Amino acid sequence: MYSATTRDIEVRVRPFYLEERSDPAGNRYVWGYRVTIWNHSTQFVQLMSRHWRITDGAGRVEEVRGAGVVGDQPELNPGDSYEYTSGCPLATPSGFMAGSYTMRTAGGETFDIEIPAFSLDLPDERRTVN
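In structure tokens form, the structure reads like this:
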């Protein structure tokens, strides 16, 4: 699991390979990722938009921007969490993603929070460093 905290808002990401949706012979590799956003702050926030930087194993970068996440702009009171699952196809068997969410407070202030960089690797290609 990968984690980053900005202004007491924690973002946790757990990626997983979707073998059944992938076609390595056709250079299509698909990952899912589950994101949990925890509001550890003392103020209400709403997730307004997202910005992803997706880098494949060949170094090609795709940027994705849009309103909310999976069609939602979740509201989080202090202590609340929100979880969603999404996916990402790549043309290479590895890559990584990182980005940010733009949040808005009840008073209208907007600020960005970090989505931690996380790797997308085939399960049999992960290496353990001793």
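Each residue of the sequence shown is one higher than the last, beginning at 1 in UniProt numbering. Where is the CB? At the ideal position from N, CA and C, for every residue including glycine. Everything numeric in this text was worked out from a predicted model, so none of it was measured.
Report the rounded CA-to-CA distance for I67 versus P24, giving the unit in angstroms. Here residue 67 refers to the residue found at position 67 of the sequence shown. Here residue 24 refers to the residue found at position 24 of the sequence shown. The amino acid at residue 67 is misidentified as Ile; the sequence shows Ala. Taking the straight line from one Cα to the other gives about 31 angstroms.
Same chain, Cβ closer than 7 angstroms to V129, neighbours up to 5 away in sequence not counted: Stepping through the sequence shown from its first residue, residue 129 is reached at position 129. In this prediction, V129 has a pLDDT of 46, which is less than 50 and means its spatial position is unreliable; nothing more can be read from the coordinates.
Beta-bridge partners of A98, as assigned by DSSP: Position 98 of the sequence shown, counted from the start, is the residue given in the question as residue 98. For A98, which the question treats as bridged, DSSP gives the partners R53.
Whole angstroms is fine: what's the gap from E19's alpha carbon to A91's? Within the sequence shown, residue 19 is the residue found at index 19, counting from 1. Within the sequence shown, residue 91 is the residue found at index 91, counting from 1. Between E19 and A91, the C-alpha separation is close to 14 angstroms.
What residue range does the beta strand (DSSP E) around A117 cover? The count along the sequence shown starts at 1 and reaches residue 117 at position 117. Looking at the DSSP string, the run of the beta strand (DSSP E) that includes A117 is T110 to D121.
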